[in-house]
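Novice:
Chains as they are written, first to last, in the numbering used here: chain L, 247 to 1188; chain Z, 47 to 148.
(1) Output needed for residue 1106(L): all residues of its chain with C-beta closer than 8 Å, excluding positions within five of it in sequence on either side, in chain order.
(2) Can you tell me the Cα-Cα spacing of residue 834(L) and residue 92(Z), whole angstroms?
(3) Give me the Cα-Cα distance between residue 115(Z) and residue 88(Z), rounded to the nearest whole angstrom.
(4) Chain Z partners of residue 1114(L), CB-CB under 7 Å?
(5) Return the residues of the segment 901 to 920 of chain L that lie within a Cβ-Cβ distance of less than 9 Å from chain B, sorted by chain order.
(6) Step through the CB atoms of chain L and report whether any lies within less than 7 Å of the CB of residue 83(Z).
(7) Quick check: residue 274(L) and residue 342(L), are their CB atoms within less than 7 Å of each other?
(8) Is there a Cβ of chain Z sitting closer than 7 Å to that of residue 895(L), yes or no?
(9) With H, G and I counted as helix, E and B as strand and the rest as coil, what does DSSP make of residue 109(Z)?
(10) Consult DSSP for residue 142(Z) and reduce its assignment to one of helix, strand or coil.
(11) Looking at residue 1118(L) and residue 1111(L), is the spacing between their C-beta atoms short of 7 Å?
(12) For residue 126(Z), would you say it is in contact with chain L, using Cβ-to-Cβ distances shorter than 7 Å as the test?
(13) Does the distance from the CB of residue 1147(L) to the CB of residue 993(L) come in under 7 Å?
(14) Okay, do the segment 1061 to 1080 of chain L and the segment 962 to 979 of chain L touch, 3+ Cβ pairs below 8 Å being the bar?
(15) Which of the three DSSP states, helix, strand or coil, is assigned to residue 432(L)?
(16) Among residues of its own chain, excluding the 5 on either side of residue 851(L), which ones have a beta-carbon nearer than 6 Å to its beta-carbon?
(17) Drop a sphere of 10 angstroms on the beta-carbon of residue 471(L), count the other beta-carbons inside from all chains shown, and report buried for 16 or more, exposed for fewer.
(18) Taking the alpha helix (DSSP H) that residue 882(L) falls in, what are its first and last residues?
(19) Counting only beta-carbon separations shorter than 7 Å, does residue 960(L) have a partner in chain Z?
(20) Using a C-beta cutoff of 7 Å, does residue 87(Z) count as contacting chain L?
(21) My guess is that residue 917(L) and residue 865(L) are in contact by the Cβ rule of under 8 Å, so how many angstroms apart are they, rounded?
(22) In chain Z, what lies closer than 8 Å to residue 988(L) by C-beta?
(23) Using a C-beta cutoff of 7 Å, does residue 47(Z) count as contacting chain L?
(24) Relative to the C-alpha of residue 1079(L), which residue among 443(L), 662(L) and 900(L) is closest?
(25) Measuring alpha carbon to alpha carbon, tell me which residue in 614(L), 712(L) and 757(L) is nearest residue 665(L).
(26) Do residue 969(L) and residue 96(Z) have their beta-carbon atoms positioned less than 7 Å apart in this structure?
(27) Tell me, to the nearest whole angstrom, how far the beta carbon of residue 595(L) is from that of residue 601(L); I am working on the premise that it is less than 8 Å.
(28) Please confirm whether residue 53(Z) and residue 939(L) have their CB atoms less than 7 Å apart.
(29) Determine the chain Z residues that contact residue 935(L) at a beta-carbon separation under 8 Å, and present them in chain order.
(30) Is residue 689(L) buried or exposed, if buried means 16 or more other CB atoms sit within 10 Å of its CB?
(31) For the segment 781 to 868 of chain L, list the alpha helix (DSSP H) runs that are entirely contained and at least 4 residues long, ordered along the chain.
(32) Which parts of the segment 578 to 637 of chain L are runs of the alpha helix (DSSP H), unbroken and 4 residues or longer, counting only runs that do not cross its ends?
(33) Tell me whether residue 791(L) is buried or exposed, calling it buried when 16 or more other Cβ atoms sit within 10 Å of its Cβ.
(34) Assuming residue 484(L) and residue 583(L) form a contact by the criterion Cβ under 8 Å, report the distance between their Cβ atoms to the nearest whole angstrom.
(35) List, in chain order, every chain Z residue whose beta-carbon is nearer than 8 Å to that of residue 1002(L).
(36) How long is the line joining the alpha carbons of residue 519(L) and residue 622(L), rounded to whole angstroms?
The following block contains the structure:
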C-alpha cells in the first residue's frame, strides 16, 4: 500500500502537465480526486495502524551496494502526517481549480503533485538518505512554486531556497554522521539504537544539526523571515505550504527524532526557547499587519513556534499536544488562507484597512473565517481550544529547573492572548461595520459554491473534531507513542474539570480580549518597525558579502598575463623548499661521488648554453642555445646508459627546431624588452628556484641501492616478455596503460594544434617576414634547394624503411614506437624543408586520420588482451618460418599504434604550422593578392 | 654531485625564461624545465650503475634502473607535443607578446 501511494502520486505528478493541456485549471479536480482517494485509503488503514499498533512497511532496492534502500514505513506518527499532507493537498487542489484564472496553468499542478509526493515520501521514509532526498525535494518544489508567479518572485524564492538548503545541509551532515556511526541507514534502527545516544558529545552534535534543520524548515526565529517573504507565491501554494507541507516537515522531523534526543538538555532547551520566542514574536508581528495574507503568514510562524516548543518539552502529554495541534493548525490555517484568497477575488482587496462590513454580502465566507479564526484563538468548542489547552498543560511540564514550567506556561499564555488578538483582527474589522471603505469599487459578492467548498470543509472540520474530540484519542496516542513514549494513551476532551490549564485558557482569552480592545484590534501597532533590522536585509547583506568576497579572491587570478599565474606555483615551491630545508630531517648518508669526469664537461656545457640562452635577445639564437642544452641532455642520457632516451632526445631536438622555425619566421626577430627592475626580480626568483631544485636533487636522490622494481624488471623481463630491451618492455608489456594514456595526450595535442589554428581564423592572415633581398643569391628557392631535394628523394624512403626497422626491433634493441615514429616524422620534415613553396601540402596523408588510426590500433591491441583475461595484456606466440621460429607479440601491434600516433602528430604540426593558405573569406581579390605574395615570398622558407 | 648542479642550472634558466613576457621565451623555459625534470627522474634511479638495460648486449648486473628511463622516454615525447602546442599558441597571432592585451 505504501508503494502504491508513492507510485500513484508520481504518476499523477507526471500526468498533470498533459492533463493541463486539455483541462487547464480544471486539472485540479482529477488531481484532488486522486488525493482524496489516497486519503481515504490511508484513513481506512487507521484502525490497523492506530488501534492494533501495526507498522506498515514496504521496500524496494535502490543502492544495495551501500545498503541504501527505498524503505517506507508507516506508524502512527507517519499516518497522522500522511493524512494531513494528502487531505490538505486535496482541499487545496479543489480550491485551486476555482482560484486560478481559467486556462493552462504551466507547471502549477505538476509542482503541487511533486510537492505532495515529496512530503508523503518524507513522512514515510525509513531510510535517512531517502529522508534527506525527500527533504530537499520539498525545498526544491517550494522554490519552484514560490518563483512561479514571475520575475518579482525570483528573489524571495532564492532567499527561501538558500536558507532552507542551509538547513538541509545541516540535516545531510547529521545523516552522514549517523550513517558512519551506526553503520546503517534505516531510520527505525538508528532511533532504536541507544549506543550513539549514550555518547554525549556525538549526540549533542547530531541534535544541534537536526535542530538547525528544524528551525530553518519550520521558519523559527531567527530564520523566520523566509515564510512571509514567500508570500509572493499564489494563495493555494501558501495555503499548502503553511498548512501541511514544508513548515510541517520541520515539526515532523523534530517529532521523529524525539526518541533519540528527548532527554538531551540541549534539544529541550533549544526547541523550547526558540519555539516560544518565535511564538511571541510571530504573534506580535501578525498583530501589526494590515495585509491579511501577511497576518496569516506571521500567525503560522507563531503557531509553529508553539509546536516546536512543545516537541522540545518532549513528555507524552507534550507530544499528544503536538499531534493534536498539528492537525488543528492544518485545518484552521488552510481555511484562513483560502478565505484570504476568496476576499482578494471577490472584494478585490486583502488589507484590513480596505475591507469592512462584508458579512452581509458574503455570509458563508464570514462564517468560515470566523470558525477558523476562533479555532486559532483557542475558543471552545473548537479543535483549536482542545489543542491549546493541551499545549498549556504540556508547557507546565517543561523539563529543567523548577521555574522552567511556570515560565514556559506564562510565555505560552502571553503568546496565546496575542493570538486571540490577531485572530480577532482577522475577523472583526473585515466582516462587521458599514461596508466597503473604498467607494467606487463593485459591490462584493459571495463566492461560488465550488470556490467555497474547500475552506468550508476545513473550518467545519475544526468544529466537528472539536465537538467529537475523543475520536482523536487513538491517533494522538499512537503518534505520541511513536514519537517518543511507547504506550502513551490520549484522553482528549472539551471539559477536563477545573484544571490549571483551564485557568490558563481563560486567562489567555481574557487577556486576549483586553488586548484586542486596547489595541483597537491591532491598529495601534500597525506599520511600526519592531525590530532594528529585517531578516531579508540581513540575508541580502550576507549574500552580497559572500559574492563580493568571492570576486575579490577571483580578482587575484583574473589576468591574461601568464607570468602571474606561473609565478605563483614557482614561489610556492621555493617557500616549500625553505620549509623543508630548515626542518631538521635525516637525509641518510649520500654515498661517495659517482660522478665521472666527462659529467663535469656536460655541466660546463649546460651552464654556458643556459646562460647564453637567458641573456640573448635574438629569438633564433635562444632557440639554438636551448637546443644545445637539449643535445647536452641527450649526451648525458647516453652517459647514464639510457641509449633509447638519448636517441629520442636527439630526434626531438631536431624536430623541435624544425617546428619552432616554422613559427619563428612569423614573429619579430628580437624579444620584447623587459624593465631592468623586473629582470632583477625574475633573476632572483630563478636563482632561488634553481638552488632549491639543485639542493633537492642532491639531498633526496642517489641515496639508495637499485630499486627492487628495477631488480625485478632486469631479471624477469626477457623470460616474461620475450624482449631484451627492458625499457621498451616496460612501455609496452608491463605498463601499457600508462603508455596508452600518454599516447592519448599526444593525439589530443595534435587535435588541439589543429583546432587552435582553425578556430583562431589566422591561417590565411599569416604573412611571412622576408629577410632576404631580391638581389641575394638566396632569393631563388627552387635553385637553392636543389641539392637537398635530390638527397631527400633518396633519403625519405630510406628513413621510412629505417623507422619501420626500428619499430620492429624495438622490443630487443634500441628502437620502439616512439623512436621509430620520430625518425619517420623526421623524414617527412625533410620533405617540408625542401619544398619550394609553402602553399601546397607536400604529403597527402591525412594527418588526423593517422593519429586516429594510431590510437585505434593501440586500443585494438589492448582489447586483444582480453583473450588472455585483461585489457592490454600482451599475447605471445611463436610463428614458424623457414629458418626456425619468430617470436610474435601483440605488444608489437601496440608499439605500431604508438608509431602511427607520433607520425600523425608530427605531420599535423608540419602541415598546420608550415603551410600558407589563401584566405578564402576575402574572395577573389584576396586570393589574387595571396597568390602574388606567395610567388614573391617563396624564398622565405627556411 | 654533477647531476644536481646541472638540474639547478637548468631550473634557474627555465624559471627565468618562463617569467618573461614573450611566448617563445616561455616555451623555451618549459623545454629547459623538461630537461631538468627528466634528469631529476634519472637521478632518482641512481647513477652508480650506468650500463644499458639492453640485455642482449650488456649484463643485467651493471644495467641502470630501467624504470625511470621508461618514464623519461614518454616524458620526452609528451614534452615535445606540449611544446608543439605552445608554439601553435605563439603562432596564433602576429606577435607573441603575452602582455599586450592586458
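In this text, a Cβ means the ideal position worked out from N, Cα and C, and glycines have one as well.
Specialist: With the given structure in hand:
(1) 1139 and 1143
(2) 15 Å
(3) 7 Å
(4) Chain Z residues near residue 1114(L): none, gap ~22 Å exceeds 7 Å.
(5) Judged by its chain identifiers, the structure shown contains no chain B, and its protein chains are L and Z.
(6) no
(7) Yes, the pair counts as a contact, with Cβ atoms nearer than the cut-off.
(8) yes
(9) strand
(10) coil
(11) yes
(12) yes
(13) Yes. Within cutoff.
(14) yes
(15) strand
(16) 878
(17) buried
(18) 865 to 885
(19) yes
(20) no
(21) 6 Å
(22) 120, 123 and 124
(23) yes
(24) Ranked by Cα distance from residue 1079(L), the options 443(L), 662(L) and 900(L) are led by 900(L).
(25) For the residues 614(L), 712(L) and 757(L), the minimum Cα distance to residue 665(L) belongs to 757(L).
(26) no
(27) 6 Å
(28) yes
(29) In chain order: 57, 58 and 61.
(30) exposed
(31) 781 to 801, 808 to 828 and 843 to 861
(32) 609 to 623
(33) exposed
(34) Indeed, because the Cβ distance is near 6 Å, the residues count as touching under 8 Å.
(35) 131, 134, 135 and 138
(36) As the crow flies, the alpha-carbon of residue 519(L) is around 22 Å from that of residue 622(L).
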